[in-house]
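For reference, the structure is listed below as structure tokens.
There are 2 protein chains.
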Amino acid sequence: MKKTFGEYIRTLRNESELTLTQLAAKLDLDSANLSKIENGIREFDDKRLEKLADVFNLDLEKLKTEFYSDFIAKKLYEVDCDNQVLLLAEEKIKYLKQKNLIQGKLKF
Amino acid sequence: MKKTFGEYIRTLRNESELTLTQLAAKLDLDSANLSKIENGIREFDDKRLEKLADVFNLDLEKLKTEFYSDFIAKKLYEVDCDNQVLLLAEEKIKYLKQKNLIQGKLKF
DNA sequence: TTTATATTTGTCACAAATTGACAAGTCATA
DNA sequence: TATGACTTGTCAATTTGTGACAAATATAAA
Chain A
1 MKKTFGEYIR TLRNESELTL TQLAAKLDLD SANLSKIENG IREFDDKRLE
51 KLADVFNLDL EKLKTEFYSD FIAKKLYEVD CDNQVLLLAE EKIKYLKQKN
101 LIQGKLKF
Chain B
109 MKKTFGEYIR TLRNESELTL TQLAAKLDLD SANLSKIENG IREFDDKRLE
159 KLADVFNLDL EKLKTEFYSD FIAKKLYEVD CDNQVLLLAE EKIKYLKQKN
209 LIQGKLKF
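In order, the protein sequences belong to chains A and B. Position 80, counted from 1, in the first sequence is what our numbering calls 80; the numbers after and before it change by one each time, with no gaps. Position 82, counted from 1, in the second sequence is what our numbering calls 190; the numbers after and before it change by one each time, with no gaps.
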């Protein structure tokens, strides 16, 4: 999805013809803060991902993908890094998984 | 580099035959905390990346790549997401850059 | 073993960042 | 101009991260 996560929520909300207040209530959130989330001023809290999936009947895994890719994109945009970082990250994830297989739970 | 950032620092430090106390001093850091960083218990603070590059004569851009890829890998490992997320992130970075060209500075 | 040095671990007050909440503002339209 | 929808500003409260230091544990040489 070529959108920020906030824009994505706004799209979903508009498609469902909900007002900020209505959706905010479903997500147990202040409507003013939801407005900021949609506009990229505040972050959506990942502890509400499940609720969000419920409200719009979305697959939670896909929603997580949408959410965390957004998180990463913002971070890398902010620190002005990209391609190489993503490739390396992929390798490091493998490394962490393998390490975890060997050692059990990691410290972080 | 197939290592965590902490492990990478430890390698650099050992190669230079510095003690935790010595390196910590150069980085203006408590040696106990540096120990935790090397062991992945605490995070290295990105505001010290430049200092770290100086101490070991490293290219700052490469160091940033090392650092942020680690950051991403840990995050995705923690939330148990990967491949798809990285691909999407790449697209989103492009989207953010293009959006910024059009609109000027973003809000985050 | 004792001593010295290096490293690790635990803790905690403080600082920084994030969030929830609410007031007050703008905007659009009937 | 009244109403509902949305945006913006602010701030106390919470959460999270950091610096600092004490204490425990290794490691190795005398």
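Note that the Cβ used here is the ideal one computed from N, Cα and C, for glycine as well.
Can you list the residues of chain B that residue i reaches, using a CB-CB cut of under 7 Å?
i      : result
K47(A) : Result: empty, since nearest Cβ-Cβ is about 12 Å, beyond 7 Å.
K26(A) : Per Cβ cutoff of 7 Å: no residues; K26(A) is ~23 Å from chain B at best.
T50(A) : The amino acid at residue 50(A) is misidentified as Thr; the sequence shows Glu. Result: empty, since nearest Cβ-Cβ is about 13 Å, beyond 7 Å.
A32(A) : Neighbours of A32(A) on chain B: none; closest Cβ ~15 Å, over 7 Å.
I93(A) : A181, L184, Y185, D190
E38(A) : By Cβ distance, chain B contributes nothing, its closest Cβ being about 11 Å from E38(A), past 7 Å.
Rounded to the nearest angstrom, how far is the Cβ of residue i from that of residue j, given a contact under 8 Å?
i       : j       : result
V79(A)  : K182(B) : Not really, about 15 Å apart at Cβ, beyond 8 Å.
L12(A)  : F56(A)  : 5 Å
Y185(B) : L96(A)  : 5 Å
D70(A)  : F5(A)   : 4 Å
I41(A)  : D190(B) : Not really, about 29 Å apart at Cβ, beyond 8 Å.
E146(B) : I117(B) : 6 Å
K110(B) : E91(A)  : 6 Å
Would you mind telling me which residues of chain A sit closer than 8 Å to residue i, beta carbon to beta carbon, in chain order?
i       : result
Y116(B) : Result: empty, since nearest Cβ-Cβ is about 11 Å, beyond 8 Å.
L137(B) : Result: empty, since nearest Cβ-Cβ is about 18 Å, beyond 8 Å.
Check the Cβ of residue i against every Cβ in chain B and list those closer than 8 Å, keeping chain order.
i      : result
L96(A) : T112, A181, K182, Y185
Mind pulling the chain B residues with CB within less than 9 Å of residue i?
i       : result
L101(A) : Here the premise fails: no neighbours, minimum Cβ distance about 12 Å.
How about residue i: is its Cβ closer than 7 Å to a heavy atom in the ligand NAD?
i      : result
F67(A) : The model depicted lacks the ligand NAD and carries no ligand whatsoever.
When you check each C-beta in the region 174–193 of chain B against every C-beta of chain A, which residues fall closer than 8 Å? E174, Y176, S177, D178, F179, I180, A181, K182, K183, L184, Y185, E186, V187, C189, D190, N191, Q192, V193
4-residue-minimum alpha helix (DSSP H) runs that sit fully inside the region 132–205 of chain B, ordered along the chain: Here the runs fully enclosed are 139–146, 157–164, 168–187.
Can you list, in chain order, the residues of the region 10–26 of chain A whose Cβ is nearer than 7 Å to any Cβ on chain B? If the cut-off is 7 Å between Cβ atoms, the region 10–26 of chain A has nothing near chain B.
What residues in the region 162–173 of chain B have a beta carbon less than 9 Å from any beta carbon of chain A? E169, K170, K172, T173
Give a yes or no on contact between the region 85–93 of chain A and the region 187–204 of chain B, applying the rule of three or more CB pairs nearer than 8 Å. In this structure the region 85–93 of chain A lies against the region 187–204 of chain B, because at least three pairs of beta carbons, one per stretch, are closer than 8 Å.
Cβ pair count under 8 Å reaching 3, the region 45–54 of chain A against the region 24–36 of chain A: yes
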